[in-house]
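Now the structure itself:
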């Protein structure tokens, strides 16, 4: 059995369920000092043995969700954090930073009301049952900061109740749970000569935003790495953006975009393979007990496709 090295436990404290008190500035960057306070909940888990942290925020008074996706880069030892909410269903620009002496400071470029800004997140006062988070904006390149959102977390013993909101999609609900997977991969993925390699792996999947975000984690012991997939649905375009995350890199890869039609999912997007521009194509065939996925590359703008990775998923009763 492959021994996976634990790279970090920085966000392990957030695993579980929390009640959250939010305090928000009503009109940031306007000179106003009017604040509102509301309550919500948070449920969080880790993947890659701590190197991915995901939490889902529930805002009952507003009737919407928020989600943070945190990725640890094993080379730079930094975290990259993305935010998405169920109002826009879009990934906000990320912030980046690291932990030092029990606190964390992360900064990234963003936009607010059409103005370029810097946004910062900070974590502090972490205990076994509590934690504090803050968001601030800067319009002068980080010389000064305006605090506009704080969260105070208190651990709770039970899972928070679901939101009573309409379900926008269940496309990837079939994937929820544990699977054993048979892999058939082309080596190399492009070029000649090549061979097909076969290997077994395991996968576990869940959803957030009542199905509009799908996340899975796969274990590939013969290759010595883990992989995760982050899928985000757009109710406006009715398409999915699907990102791959490799545990050896800790970054959100370029997405493929597409949808399900007549029971088949087709997703396509540009990428680079060993310095060469390519197009990537995913095919998903759903099933409750067996599902299949296939990846293909194209070097001629999609005129022809070279299949290079096939995965057959079979439902597993065990946990990974």
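Numbering (the numbering used here), first residue to last: -5 to 314. Here a beta-carbon is modelled for each residue, glycine too, at the ideal position from N, C-alpha and C.
**Request:** Kindly confirm or deny that the region 79 to 94 and the region 49 to 69 touch, where touching means at least three C-beta pairs closer than 8 Å.
**Result:** As far as the Cβ criterion goes, the region 79 to 94 touches the region 49 to 69, which means the pair count is three or higher.
**Message:** Extract the residue ranges of the beta strand (DSSP E) inside the region 179 to 218, only unbroken runs of 3 or more that lie entirely within it.
**Reply:** Taken in chain order, the whole beta strand (DSSP E) runs of length 3 or more contained in the region 179 to 218 are 189 to 202 and 207 to 214.
**Asked** Exposed or buried, which one is residue 307 when buried takes at least 16 other CB atoms within 10 Å?
**Response** buried
**Residues near residue 167 by beta carbon distance below 7 Å, same chain, minus five either side** = 201 and 205
**Span of the beta strand (DSSP E) around residue 286** = 284 to 292
**Own chain partners of residue 249 with C-beta closer than 7 Å, once the 5 adjacent residues on each side are dropped** = 235, 236, 237 and 263
**Message:** Just verifying my parser: in three-state terms, what is the DSSP assignment at residue 63?
**Reply:** strand
**Message:** By the three-class DSSP mapping on this structure, what secondary structure does residue 266 have?
**Reply:** strand
**Prompt:** Which residues in the same chain as residue 86 place their Cβ atom closer than 6 Å to its Cβ, once the five residues preceding and following it in sequence are excluded?
**Reply:** 77
**Request:** State yes or no: is the C-beta of residue 245 within less than 8 Å of the C-beta of residue 67?
**Result:** yes
**Item:** As assigned by DSSP and simplified to three states, the class of residue 168
**Value:** helix
**Request:** Would you kindly report the start and end of the unbroken beta strand (DSSP E) that includes residue 113?
**Result:** 109 to 118
**Message:** Using a 10 Å radius around the Cβ and a threshold of 16 neighbouring Cβ atoms, would you call residue -5 buried or exposed?
**Reply:** Interpretation of residue -5 is limited by its pLDDT of 44, a score under 50 that renders its predicted location unreliable; no figure is taken from the coordinates.
**Asked** For residue 129, which residues does DSSP report across the bridge?
**Response** DSSP, once it has assigned bridges, lists 115 and 143 as partnering residue 129.
**Asked** Rounded to the nearest angstrom, how far is the Cβ of residue 35 from that of residue 154, given a contact under 8 Å?
**Response** 4 Å
**Candidates 48, 241 and 173: closest to residue 311 by CA position** = 173
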